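> Mind looking over this structure? Questions follow.
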Amino acid sequence: MAGIRIERLSKRYRGVHDDEGALTDLSLDIPDNEFVTLLGPSGCGKTTTLRLIAGYLVPDSGSIRVRDRLLSAPEGVVPPEARNMGMVFQNYAVWPHKTVFENVVFGLRVRKLGAHEARERVERILDLVHLSGLEGRFPNELSGGQQQRVALARSLVVEPDTLLLDEPLSNLDAKLRERMRLELKALQRRTHITFVYVTHDQGEALALSDRIAVLHKGRLQQYGTPREVYARPANRVVADFMGLVNLLPATVLEAHGDTGVVAAGPLRLRVSLPQGTGTRDRVDLAIRPENIRINAPDGTAEGAAPARVAERSYLGNLSEYYVTLEGGLRLRVQAPAHADFPIDSAVQIAIDAEQVSAFPTGAELEPSTE
Numbered sequence: 001m002a003g004i005r006i007e008r009l010s011k012r013y014r015g016v017h018d019d020e021g022a023l024t025d026l027s028l029d030i031p032d033n034e035f036v037t038l039l040g041p042s043g044c045g046k047t048t049t050l051r052l053i054a055g056y057l058v059p060d061s062g063s064i065r066v067r068d069r070l071l072s073a074p075e076g077v078v079p080p081e082a083r084n085m086g087m088v089f090q091n092y093a094v095w096p097h098k099t100v101f102e103n104v105v106f107g108l109r110v111r112k113l114g115a116h117e118a119r120e121r122v123e124r125i126l127d128l129v130h131l132s133g134l135e136g137r138f139p140n141e142l143s144g145g146q147q148q149r150v151a152l153a154r155s156l157v158v159e160p161d162t163l164l165l166d167e168p169l170s171n172l173d174a175k176l177r178e179r180m181r182l183e184l185k186a187l188q189r190r191t192h193i194t195f196v197y198v199t200h201d202q203g204e205a206l207a208l209s210d211r212i213a214v215l216h217k218g219r220l221q222q223y224g225t226p227r228e229v230y231a232r233p234a235n236r237v238v239a240d241f242m243g244l245v246n247l248l249p250a251t252v253l254e255a256h257g258d259t260g261v262v263a264a265g266p267l268r269l270r271v272s273l274p275q276g277t278g279t280r281d282r283v284d285l286a287i288r289p290e291n292i293r294i295n296a297p298d299g300t301a302e303g304a305a306p307a308r309v310a311e312r313s314y315l316g317n318l319s320e321y322y323v324t325l326e327g328g329l330r331l332r333v334q335a336p337a338h339a340d341f342p343i344d345s346a347v348q349i350a351i352d353a354e355q356v357s358a359f360p361t362g363a364e365l366e367p368s369t370e
């Protein structure tokens, strides 16, 4: 059973250009004790969704329930302080004039918890977020990562059922963000609290989440595990947003049920087809760069196509190439770091057709029904 059930939720803002941040007909089941990420570009509705879950906004239509308890509907909302949810903001929102201990204990004092129990809880949660020994420091004496942990501790110490996080790592440098990702995931596993996380960073979502909800222009595009969303995108929008991808127009040469042969320039691939696709229909192919092999020319390799290297980059852990095929078709290819093909050299490429996704041409905004 879903811990949080969102049903046909909509929210619009008057006077906001292009309905930025608006939400349309969102339905989503968030299981207990999972790490669920709301992912999408700026203005897609992810922060609006989080604020609706928190109780800071009243929906125009639809509802939010937690274990069958109605929390939000157009007729009214249960206030944030009565939802047993914690919130961690992008800017940390720690009080600069209070010590670490005073920041973290604040919520317990509001709840009038006894001083001894409050201190024990604060000490336990500071140990959990690796801040033991820093109780007497002020925020300006802490690093960005430590300030973020203070914000996490302040939300966790009141023992919420759900923790809502609004792009909490966006102000940190790249290496610190990576360390905090590991700590956040480990923290969620240790506490067994439901985390609902907002980000526009695909790598962050893939690394942290049990499930990802991809939003675009206020609508849910796909909801699934990181592997499902990345490897089997529901539509072109998801394929394009989730990491690097080659998007190619293609024509169906043969259709046999849910599979068929398609042509994209000189490429001939047998792929899974969208339901109802027939011979001569147009489709768009999504091909990840890591699913293309690049090799020296070998006329005996079955299914390989000749190409020429147009650009190359050495990225440390891999080499990246742009290759041009017959007819001017251009592909981005990722290869092992030791691969070494000079610019303008002749190569051949082979595509793992089982990893190719095909979508009806132009069907970019069809929301997922999963």
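FYI, in my numbering the residues of the sequence shown are 1 to 370.
Where a beta carbon is used, it is the ideal one built from N, C-alpha and C, also for glycine.
None of the values given here were measured: they were computed from a predicted structure.
Just how far apart, CA to CA, sit arginine 121 and glycine 107?
The alpha-carbon atoms of arginine 121 and glycine 107 are separated by roughly 11 angstroms.
> When you compare each of Asn246, Arg181, Gly76, Tyr322 to glycine 203 by their alpha carbons, which one comes out closest?
Of Asn246, Arg181, Gly76, Tyr322, the residue nearest in Cα terms is Arg181.
> Buried or exposed: which applies to histidine 216, given that a residue is buried once 16 or more other Cβ atoms fall within 10 Å of its Cβ?
Answer is buried; the Cβ neighbour count reaches 16.
> With DSSP collapsed to three states, give me the class of asparagine 140.
In the structure shown, asparagine 140 sits in a helix (DSSP, three-state: H, G or I).
> Compute the beta-carbon to beta-carbon distance between aspartate 60 and arginine 12, rounded to the nearest angstrom, for a pair I have assumed lies under 8 angstroms.
Indeed they touch by this definition, with Cβ atoms about 6 angstroms apart.
> Please give the ranges of any beta strand (DSSP E) in the region 36–73, keeping only runs that are unbroken, at least 3 residues long and fully inside the region.
Complete beta strand (DSSP E) runs here, min 3: 61–66, 69–73.
> Which value, in whole angstroms, describes the spacing of the CA atoms of leucine 156 and asparagine 235?
Going by the C-alpha atoms only, they are around 37 angstroms apart.
> According to the Cβ coordinates, are leucine 267 and valine 261 closer than 8 angstroms?
Cβ atoms of leucine 267 and valine 261: not closer than 8 angstroms.
> Going by beta carbon distance, what residues of the same chain come within less than 6 angstroms of valine 58, once the five residues before and after it are set aside?
Within the same chain, valine 58 has close Cβ partners Val77.
> Under 6 angstroms Cβ to Cβ from histidine 116, same chain only, skipping five residues before and after it: list those, please.
Answer for histidine 116: no residue qualifies.
> Are there 16 or more other CB atoms within 10 angstroms of the CB of valine 347, so buried, or fewer, so exposed?
Classification of valine 347: buried, given that the 10 Å Cβ count is 16 or more.
> Fully enclosed by the region 82–137, which alpha helix (DSSP H) runs are 4 residues long or longer?
Taking only runs of at least 4 residues, the alpha helix (DSSP H) segments lying wholly in the region 82–137 are 100–110, 115–128.
> Using 10 angstroms around the beta-carbon of isoleucine 343, count the other beta-carbons present and answer buried if the total reaches 16, otherwise exposed.
Isoleucine 343 is exposed by the Cβ-count criterion.
> Closest to asparagine 91 by C-alpha separation, out of Ile64, Leu169, Arg137, Gly43, would be which residue?
Minimum Cα distance to asparagine 91 is reached at Leu169.
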